[in-house]
Structure formats: C-alpha cells, structure tokens
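The block underneath contains the structure these notes are about, expressed in structure tokens.
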Amino acid sequence: MGFARFSRRFFSSQANRAAYSFITTPIFYVNAAPHIGHLYTAVLGDAAHRWSQLAGATPTIFTTGTDEHGLKIQKRLFDTAEISSTDYVRTTENRHVDTVHKFWNVLREGDHIYKGQYEGWYSVPDETFLSPSQATDGTEPGTKVSVETGHAVEWSSEENYMFRLSSFRDRLLEWIDSRPYPVIPESSRQRVRHWLLHETNSDLSVSRPRSRLHWGVPVPNDSSQTIYVWLDALVNYLTVSITPSQISHNSQTHRHDNGTEICGSVWPATNQIVGKDILKFHAVYWPAFLMAAGLPLPRRIVSHAHWTIGKSKVEQFYFSSDSKKWLNSIR
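Counting from 130, one number per residue, gives the positions in the sequence shown under my numbering.
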C-alpha cells in the first residue's frame, strides 16, 4: 500500500504555534459510492484534529462535506468510521450559496472576472478545461484523453466567465517559495511550482452554460451561467469559517507570528488535507482566488498520495451499504 507520511514533529509544532486549529478535507463530489481515498483523507484530518485537541489548541475545528447527490452514503460512512468533524457542509445549504455569491461578487467588482469566449479540450469527469499540452491521443483513433488523469476529453467552444489567473502568477510563485513552505511534502510543492511556471499563462474559465450544467450555484444576475463547480466547492472553507460580510477587501485583519487572520473568524485554515489528484485546485486556483478577494491564504496544504497495490492506484474499492460490517472487521 502507498501511504503518506506525516511526522509527529510536524503536527505537534503546528498545534503548539497556533492559538486555534482549523483542519479541512475537501467537499467530496461523489457520483458513485464513496471510495477508500475519501475515507483516507477524512481519517488523516480526524487524527490531526484529535491531536490538536490533546495539544490544547482553542478552538479546534475540523470540517468535511459533500455535494447533495452523495450526502447520505458519505455521511453514513464517516459516522461509521467515527470521523469527529465539527461541521459537515452541503453544497445546497443557504449559508453556502450566500457565501459563494458574495465571493463571486467581490471577484467581479475587483475586475478579476470578465466574460469571454473559451475554446479548448474539456474533461467532463474532471470538470476542467485543459491546455493543448494537457491532452494527448487516446487508444481509440480520433480520441483525446487527459495526460494527468487518462479521462476522455472533448473539444468545447462556449461563452463563459473567465478569472484572470495569469495576473497572479508572480505572486503565486513568491508564495509557493515562502517559508515555512505552504505545501507539503516537497514533491507536491515542486509539482505546484511546475504548474505555476508552465500552466498559468492563460486565464481560467469559472462558469459553465446553465443549459449544460443545470445543477450548482447560478451566477449572480446571469441565469444563463452556473458557477464552476471547483470555485463553488473551494468556497466551502469560507462558508464554515467566516460570514459573507467578512468576504471583502475591507475586512479587518490582524497580524501575529503565525500570519494574518480575519478578525472575528477562524480563517485561514491551519491545515488543508487533499489528495494529490486535486492539488492543483487547492494550491494554484484557490490561493489565486483568495488573493483576488484580498483574503489570507491557508497556512499549510497537505497533499497525500493514492492508495496503491504494487504501482497501480486502487480505484475499485468502493463503500456500500455493507461499509459498517467491513469497518468493524478491520478494527
């Protein structure tokens, strides 16, 4: 099996330096039964959260969640595994929709979002557009797949809202090289540096036509567009930590030895735990969005590897209604 290794020294030093502990997992967008990778991420977060409690951090917050479609089975799995989250976010909750709308409006008012025509390869399973270098020939004649995930891609041309990602390239490079390093382990930080150097020269599509993506949060004042699922998902970290009124360039902040915090909130997160397959969203797009909104960046992004047998990723181990029986069998 392939395991991420996190030293006791890392978690103890983090807990001792922080007045609070705010640990997150991603919102899990599941279109099938939850798999072992989801549980692994949650268990890592749970262990770090419990350690922070023992170390005396106050308050200690640990959040996770899912989209509406995967809610019941995902929540049942985490309850069975005794994951001790303090908040569980649903993407359809009013508090989340309100926060997403406020975040979008702040980006738009700052001229970080504009409407434009986008053409390129698009991966439906990954919910992302790809540059020409990120797509390669598939095994079937005339097909293309994502270099990174192997998922089939299709050519798409549509009018979307675009985020000025390219204007944040230099600031992101400065951030990724700042100490203490904001992304661990080092191999993951180097992946992020590569992306920043080679894949941030163009802007990012942050909406989809409502006709093609009818679920999700609609763009404010434009019912023809749906906010990009990853922008929507990433904002969940703000949903659980600050109020919509605090998402502003005028938010009151204070600085201390650990960085900048928003007054009256628990943002930024102290540790954001993610699988390596979604590292780009958390370590490239998310910091850029936060910079554009004038908000502090997360203290640390912890990226773990996939579970493997030999050198092959475990993809077929899904949890079902028998999850409780399986979990009890390995205790």
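By construction, the Cβ of each residue, glycine as well, lies at the ideal position given by its N, Cα and C atoms. No experiment lies behind these values; they were computed from the predicted model shown.
I need the straight-line Cα distance from N387 to N365, nearest angstrom please.
A caution first: N387 carries a pLDDT of 48, below 50, which makes its placement in the model unreliable, though a value can still be read off. Looking at the two C-alpha atoms, the distance is approximately 23 Å.
Is the beta carbon of V369 closer than 8 Å to that of D216?
Yes, the Cβ-Cβ distance between D216 and V369 is below 8 Å.
Using 8 Å as the threshold, is the C-beta distance between I156 and T220 below it?
Taking 8 Å as the Cβ cut-off, I156 and T220 qualify as a contacting pair.
Closest to W250 by CA distance: which of I242, Q263, D240 is it?
The option with the nearest alpha carbon to W250 is Q263.
Within a Cβ cutoff of 8 Å, which residues of the same chain sit near L301, ignoring the five residues on either side of it in sequence?
Only L325, T329, V413, P416, A417, M420 meet the Cβ criterion.
Give me, in chain order, the residues of the same chain whose beta-carbon lies closer than 7 Å to that of L241; leave out the 5 immediate sequence neighbours on both sides.
Before going on, a small fix: residue 241 reads as His here, not Leu. Correct list, in chain order: F292, R293, A421.
Going by other Cβ atoms of all chains shown within 10 Å of its Cβ, with 16 needed for buried, is R318 buried or exposed?
Buried.
Short check: CB of G478 to CB of K273, under 8 Å?
Any answer about residue 478 is impossible in this case: the structure gives the chain only from 130 up to 460.
If S295 and D332 are in contact, beta carbons under 8 Å, what's the gap, nearest whole angstrom?
Confirmed, about 6 Å.
Quick check: what's the CA-CA separation for Q350 versus G239?
Here residue 350 turns out to be Asn, not Gln, going by the sequence shown. For N350 and G239, the distance between alpha carbons rounds to 16 Å.
Specify, as a first and last residue, the run of the alpha helix (DSSP H) that D255 falls within.
Element bounds for D255: n/a, residue is neither H nor E.
Using the C-alpha atoms, what's the distance from D196 back to E248?
Roughly 28 Å between the two C-alpha positions.
Measure from the alpha carbon of I402 to the alpha carbon of each residue in L259, I376, A434, S377, then state which is nearest.
Among L259, I376, A434, S377, the Cα nearest to that of I402 belongs to A434.
When you compare only the Cα positions, how much space is there between F297 and E303?
Straight-line Cα distance between these residues: approximately 10 Å.
Out of curiosity, what's the CA-to-CA distance linking I407 and V276?
Their Cα atoms are separated by approximately 15 Å.
Opposite W250 in the DSSP bridges: which residues?
Looking at the DSSP assignment, W250 forms a beta bridge with L259, W284.
Starting from R337, trace the beta strand (DSSP E) both ways and give me its first and last residue.
Where R337 is concerned, the enclosing beta strand (DSSP E) stretches over 336-338.
Excluding the 5 residues preceding and the 5 following P427 in the sequence, name in chain order all residues of the same chain whose CB lies nearer than 6 Å to its CB.
Hits under 6 Å: P397, A398, Q401.
Hey, quick one: how far does the beta strand (DSSP E) through F191 stretch, first residue to last?
Here the beta strand (DSSP E) through F191 covers 189-195.
Out of P309, Q182, L173, state which residue places its alpha-carbon closest to the alpha-carbon of A148.
Checking every option, the nearest Cα to that of A148 belongs to Q182.
Do you know offhand how far I313's Cα is from P373's?
Rounded to whole angstroms, I313 to P373 spans 30 Å at the Cα level.
In this structure, does DSSP put V403 in helix, strand or coil?
Three-state DSSP puts V403 in a strand.
Rounded to the nearest angstrom, what separates V335 and F410 at their Cα positions?
The straight-line gap from Cα to Cα measures roughly 12 Å.
Can you tell me whether DSSP reads I376 as helix, strand or coil?
Three-state result, I376: coil.
Taking Cβ positions, are S213 and D175 nearer each other than 8 Å?
It is a contact, given that the beta carbons lie within the stated cut-off.
From the beta carbon of R293, is the nearest beta carbon of chain D less than 8 Å away?
Absent from the structure: chain D. Only one protein chain is present.
Use the C-beta contact count for Q354: other C-beta atoms within 10 angstroms, 16 or more gives buried, fewer gives exposed.
Q354 comes out buried.
How many Å lie between R384 and E222 at the Cα?
Legend: pLDDT at R384 = 48, less than 50; position of this residue unreliable, no value from coordinates given.
Around the C-beta of P309, are 16 or more other C-beta atoms found within 10 angstroms, so that it is buried, or is it exposed?
Flag for P309 reads exposed.
Provide the residue span of the beta strand (DSSP E) that contains D351, from first to last.
That run of the beta strand (DSSP E) goes 351-356.
Identify the continuous beta strand (DSSP E) that holds I430 and give its terminal residues.
Element bounds for I430: 430-433.
Quick one: Cα of I371 to Cα of Y290, how far?
Rounded to the nearest angstrom, the two C-alpha atoms are 25 Å apart.
Since D299 is in the beta strand (DSSP E), which residue starts that stretch and which ends it?
Per DSSP, D299 belongs to no beta strand (DSSP E); it is in the alpha helix (DSSP H), 298-305.
Starting from F116, trace the beta strand (DSSP E) in both directions and tell me its first and last residue.
It is not possible to answer for residue 116, since the shown part of the chain is limited to 130 through 460.
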